[in-house]
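Every letter in the sequence shown is one number past the one before it in numbering that gives the first Met the number 0, and letter 59, counting from 1, is 58.
The beta-carbon is built from N, C-alpha and C at its ideal position, and this holds for glycine as well.
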Amino acid sequence: MKHLNVADLMTDEVVSVAPDTAFKEVAKLLAQYDVSGLPVLDDEDRVVGVVSQTDLLAHAGTAAQPPRQSSAPAGPPTAGDVMSAPAVTIHAEETAADAARLLTRRAIERLPVVDEEDRLVGIVTRRDLLRLFVRPDAEIRRRIVEEVLTEVLGVPSGDVDVHVVDGVVTLDGLVERRSQLPALVSLVGQLDGVVAVASRITARTDDTPAAHAGRQPLPW
0 MKHLNVADLM TDEVVSVAPD TAFKEVAKLL AQYDVSGLPV LDDEDRVVGV
50 VSQTDLLAHA GTAAQPPRQS SAPAGPPTAG DVMSAPAVTI HAEETAADAA
100 RLLTRRAIER LPVVDEEDRL VGIVTRRDLL RLFVRPDAEI RRRIVEEVLT
150 EVLGVPSGDV DVHVVDGVVT LDGLVERRSQ LPALVSLVGQ LDGVVAVASR
200 ITARTDDTPA AHAGRQPLPW
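Put into structure tokens, the structure is as follows:
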């Protein structure tokens with residue numbers, strides 16, 4: 000089954016800055032493009048960090064404190080001074096579900112997308128990933144019938160009724176073997192756009208290990 004990957008959802012025209020970009024210029028770009036963060040790139044377009052609104056505000060709060068004694072004069076801050084590093088990135092061929100888990104686990108809003116050499120090729124945001132859940136119900140149903148039931152599990156047409164409403168899938172019907180049931184529910188739940196799965200499917204035969212354990216061997 001084909002899953003949406005990061006390349007399908009990312010934006011490939013990305014506003015970025017260099018480590019020596021001035022603090023005020025970073026703030027101006029964030030406001031101009033209405034984004035919460037910008038990737039910071041080196042001379043070879045490799046992502047070395049991300050500078051966000053949070054980073055700028057944290058630095059501004061620190062700058063407001065009384066300065067420490069220093070013999071060297073303080074220069075204006077740059078993106079490299081305030082960025083978060085190393086950057087949390089993802090590769091274009093990874094799945095959208097992988098990106099969603101990474102965004103959630105790291106509590107961030109956007110991920111720079113990189114190629115095999117860690118060069119920037121795009122960016123994917125939480126808003127981009129929400130497109131996973133607006134797939135038409137008819138398309139979800141078609142994929143369940145054609146890809147899961149027919150191609151993967153070999154269930155004859157008409158043995159299972161599939162109903163999809165707002166991404167919630169209800170399965171009714173009969174499969175040949177009880178061991179197919181967990182795989183069916185798992186595969187349906189992994190499809191892009193599926194919110195929940197309710198299964199009322201039964202099996203003609205019970206081929207699970209528990210069923211065979213209760214059988215006594217026949218005497219010779």
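- By alpha-carbon distance to D205, the top candidate from E175, A17 and L183 is E175.
- With fewer than 16 other Cβ atoms inside 10 Å of its own Cβ, R126 counts as exposed.
- DSSP places A78 inside the alpha helix (DSSP H), whose first and last residues are A78 to V81.
- About 13 Å separates the beta carbon of V13 from that of V50, a gap too long to meet the 8 Å contact definition.
- V187 sits in a helix when the DSSP states are folded into three classes.
- Per DSSP, I122 is one residue of the beta strand (DSSP E) stretching across L119 to T124.
- When secondary structure is reduced to three states using DSSP, R203 falls in the strand class.
- Beta-bridge annotation (DSSP): I89 is paired with V112.
- For V5, the enclosing alpha helix (DSSP H) begins and ends at V5 to L8.
- Assignment of D136 by DSSP, reduced to helix, strand and coil, places it in the helix class.
- Under the three-state reduction of DSSP output, R177 falls in the coil class, being neither helix nor strand.
- DSSP, read as helix, strand or coil, puts A106 in coil.
- Note on A95: 16 or more other CB atoms within 10 angstroms of its CB, so buried under the neighbour-count rule.
- Excluding its 5 nearest sequence neighbours in each direction, F22 has C-beta neighbours in its own chain below 8 Å: L55, H58, P75, P76, T77, A78, D80 and V81, listed in chain order.
- C-alpha of R118 to C-alpha of R134: approximately 31 Å in a straight line.
- For the pair D97 and L190, the Cα-to-Cα distance works out to about 13 Å.
- A Cβ-Cβ contact shorter than 9 Å links T124 with E108.
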